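The block underneath contains the structure these notes are about, expressed in structure tokens.
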Amino acid sequence: MAMRVLKSGGSAVDAVEIAVKVLEDNEVTNAGYGSNLAVDGVVECDATIIDHLGKSGACGAVAQIKNPIHLARTILDASSRPLSLRRVPPNLLVGQGATEFAREYGIPVVSHDTLVSINSRDRYKRWKEDLDRVESFQFTGNLHTNDLEQKEVNQKSRARVFAKPRRIPVNAFLNSTWNEGDPCPTALLPSFQVQEPCVKEALPSLKAQKPCALFIAGQQERENLPAKRARHECSKQVEDLQAPIFHEPCHINLKRLANDSCMKGGAFSPVLQSSTVNFDGTPSSDFKSDKGINEQSMNCALNRDDITSSKLDNNVEDHITDTVGAIAIDMYGHISAGSSSGGIGMKHRGRVGPAALVGIGSAVIPVDESDEEKTCVAVVTSGTGEHMATTMASQKCADRLHSCTKRASGNIDVQTTEEESIESFIEADFMDHPGVRNSTSAGAIGVMAVKKTAFGYFLHFAHNTESFALASMHSNETVAKCVMSRLGNNGRIVRGGRKIRVD
Numbered sequence: 042m043a044m045r046v047l048k049s050g051g052s053a054v055d056a057v058e059i060a061v062k063v064l065e066d067n068e069v070t071n072a073g074y075g076s077n078l079a080v081d082g083v084v085e086c087d088a089t090i091i092d093h094l095g096k097s098g099a100c101g102a103v104a105q106i107k108n109p110i111h112l113a114r115t116i117l118d119a120s121s122r123p124l125s126l127r128r129v130p131p132n133l134l135v136g137q138g139a140t141e142f143a144r145e146y147g148i149p150v151v152s153h154d155t156l157v158s159i160n161s162r163d164r165y166k167r168w169k170e171d172l173d174r175v176e177s178f179q180f181t182g183n184l185h186t187n188d189l190e191q192k193e194v195n196q197k198s199r200a201r202v203f204a205k206p207r208r209i210p211v212n213a214f215l216n217s218t219w220n221e222g223d224p225c226p227t228a229l230l231p232s233f234q235v236q237e238p239c240v241k242e243a244l245p246s247l248k249a250q251k252p253c254a255l256f257i258a259g260q261q262e263r264e265n266l267p268a269k270r271a272r273h274e275c276s277k278q279v280e281d282l283q284a285p286i287f288h289e290p291c292h293i294n295l296k297r298l299a300n301d302s303c304m305k306g307g308a309f310s311p312v313l314q315s316s317t318v319n320f321d322g323t324p325s326s327d328f329k330s331d332k333g334i335n336e337q338s339m340n341c342a343l344n345r346d347d348i349t350s351s352k353l354d355n356n357v358e359d360h361i362t363d364t365v366g367a368i369a370i371d372m373y374g375h376i377s378a379g380s381s382s383g384g385i386g387m388k389h390r391g392r393v394g395p396a397a398l399v400g401i402g403s404a405v406i407p408v409d410e411s412d413e414e415k416t417c418v419a420v421v422t423s424g425t426g427e428h429m430a431t432t433m434a435s436q437k438c439a440d441r442l443h444s445c446t447k448r449a450s451g452n453i454d455v456q457t458t459e460e461e462s463i464e465s466f467i468e469a470d471f472m473d474h475p476g477v478r479n480s481t482s483a484g485a486i487g488v489m490a491v492k493k494t495a496f497g498y499f500l501h502f503a504h505n506t507e508s509f510a511l512a513s514m515h516s517n518e519t520v521a522k523c524v525m526s527r528l529g530n531n532g533r534i535v536r537g538g539r540k541i542r543v544d
């Protein structure tokens, strides 16, 4: 849909809006209809959209709106029109004020139940029962109250959970950030059993395709072949455009190119390793542009350990969870970014997530007119929202990618490559941030960025989450190129990308 908009002369903002709306309308994504429910059983969503000038429209903790990204777009358009008496038009509205704004501008305000799918309601009931059971144990004193004993119980419980197959998003569950599409691990609490995995319906559109060939940096061997679901073809139809969506879906459009991507918001504590593989399954090779910028490949480069380990069950289907987003570049060279999310499951009512916050969930660095290379950057991130707010995640990542720098010892910036800058952002600027390092919550993040220059467009991604799926498509392609990135058993930070030349 986004590509059709771009090819028909639509703007990048139009493409971002329609790409995200398609995902919001699908109940399997945690955005719009079918989103996670708050602790009181109400759907509240966040969304942001940013244009090529860096102007934004956003809504947070908004209820009764089927397409929050459309409300964000309406807020963006309204912010360009002056108000009487020199009042400043808003670019961020939250809660009831955002709902009233939507009603004023003719956006349908639906009932709360309209946004609740059958699966999300069933999952909410199970989560609610679990929480009530825990609170009951705590009230009656059935659980250990001694801190030392409680810590020992928690450690044993976690050990049992982590002994299960890696595909289960256990960290997300243990940190109360599990999402609608995540299977629920069992034996999470020492005093009772949790029900069987929640996701009972496999997605027929996510059937196996050819596995990607792997290229290991520094080695010419192939190992840990990905599951057959690691790469999917997209058809021209809307239904198939949604097919390659996995954990935390996001769409990116690169210069008249639309791109679906998903970010998984789970929270494993992985181990460091990296290497690359192309979108089309061919080994990547270093490429140096005529401007002197080193790239791994003209196609999407993907680290080895982001692909499913051969030890995992290849027959297990992927399920869609959490934030959706998009980045687009139109025929005029204008870039835009946007994101939408229903937030974490069982969240506090009124909690505003990173998807509603400019510089945290989404960011755009506009073109400087004096810059000969006309460089601009757009970034969409997802993960542990509170940590992302602490680190100003998307803005910091955009700055690193724009200037090709990384943080060195002594908190000084040093020049580096684009690939190293985005990897260092996760490792140094995010995970090693004092607020994240000393937090009791796990630090999880997935980053998707597009750097536009006068001589090419560069799609970069990185994540420390269990999985990350994305696809890209430019105007000369008939189908999107899709990849499922996985952390594997030996990875800590996974990165990759794709380059598109400008003729």
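Residue numbers (my numbering): 42 to 544. Quick reminder that beta carbons are idealized off the backbone N, C-alpha and C, glycines included. The structure presented is a predicted model; accordingly, all values stated were derived computationally and were not measured.
query: Nearest-angstrom Cα distance between D551 and I467?
result: Here the chain has residues from 42 to 544 only, and residue 551 is not among them.
- request: May I ask which residues mark the beginning and end of the alpha helix (DSSP H) holding T432?
  value: First-last of the alpha helix (DSSP H) with T432: G426 to T432.
- request: Below 8 Å on the Cβ atoms is my guess for F502 versus G529; work out the distance and round it to an integer in Å.
  value: That belief does not hold up - the Cβ atoms of F502 and G529 are roughly 16 Å apart, past 8 Å.
message: Between the alpha carbons of Q436 and E518, how many angstroms are there, rounded?
response: Approximately 31 Å, taken between the alpha carbons.
task: Measure the alpha-carbon distance for S465 versus A404 and round it to whole angstroms.
output: S465 and A404: Cα-Cα distance of roughly 18 Å.
- prompt: Is T115 buried or exposed, if buried means 16 or more other CB atoms sit within 10 Å of its CB?
  reply: Under this definition T115 is a buried residue.
message: For G138, tell me which candidate among L112, W168 and D544 has the shortest Cα-Cα distance.
response: That would be L112, whose Cα lies nearest to the Cα of G138.
- prompt: Can you check whether the CB of I401 is closer than 8 Å to the CB of A449?
  reply: Pairing A449 with I401 gives a Cβ-Cβ distance that is not under 8 Å.
- request: Enumerate in chain order the residues of its own chain whose CB-to-CB distance from E414 is below 8 Å, with the five nearest sequence positions on each side excluded.
  value: Within the same chain, E414 has close Cβ partners K332, T494, A495 and F496.
task: Go ahead and label R542 buried or exposed: buried means 16 or more other beta carbons lie within 10 angstroms of its beta carbon, across all protein chains shown.
output: Exposed, since its Cβ has fewer than 16 Cβ neighbours within 10 Å.
task: Within its chain, find whatever has a CB closer than 8 Å to the CB of T432; leave out the 5 residues flanking it on each side and keep chain order.
output: Taken in chain order, the residues that qualify are D470, F471, H474, G476 and V477.
- prompt: Under the three-state reduction of DSSP, which class applies to Q436: helix, strand or coil?
  reply: Three-state result, Q436: helix.
message: Quick test of the definition: if touching needs 3 or more C-beta pairs under 8 Å, does the region 368-385 touch the region 143-155?
response: Here the region 368-385 does not lie against the region 143-155, with fewer than 3 beta-carbon pairs under 8 Å apart.
Per-residue DSSP class, three states only, for T70: In the structure shown, T70 sits in coil (DSSP, three-state: anything other than H, G, I, E or B).
query: Can the beta-carbon of Q486 be found closer than 8 Å to that of T446?
result: The amino acid occupying residue 486 in the given sequence is Ile; Gln does not appear at that position. Contact annotation: I486 and T446 have beta-carbon atoms that are not nearer than 8 Å.
Those residues which DSSP pairs with D473 across a bridge: Looking at the DSSP output, D473 shares a beta bridge with no other residue.
Alpha-carbon to alpha-carbon, S52 and E507: Rounded to whole angstroms, E507 to S52 spans 34 Å at the Cα level.
field: Option nearest I534 by Cα separation, candidates R441, A490, E461 and E176
entry: Its Cα nearest to that of I534, the residue E461 stands out among R441, A490, E461 and E176.
task: Taking all protein chains shown into account, decide if A512 is buried (16 or more other Cβ within 10 angstroms of its Cβ) or exposed.
output: With 16 or more Cβ atoms within 10 Å of its Cβ, A512 is classed as buried.
query: If we count the other Cβ atoms within 10 Å of its Cβ and call it buried at 16 or more, is K492 buried or exposed?
result: Taking a 10 Å sphere around the C-beta of K492, we find 16 or more other C-beta atoms and assign the residue as buried.
query: Is G95 closer than 8 Å to P407 when the C-beta atoms are compared?
result: One thing to note: P407 has its Cβ within 8 Å of the Cβ of G95.
message: Using a Cβ distance threshold of 8 Å, determine whether the region 152-164 contacts the region 125-136, with at least three qualifying pairs required.
response: Touching, no, given that fewer than three Cβ pairs across the two stretches are closer than 8 Å.
- prompt: With G391 and A102 assumed to form a contact (beta carbons below 8 Å), what rounded beta-carbon distance in angstroms separates them?
  reply: Contact between G391 and A102 holds: their C-beta atoms lie close to 5 Å from each other, under 8 Å.
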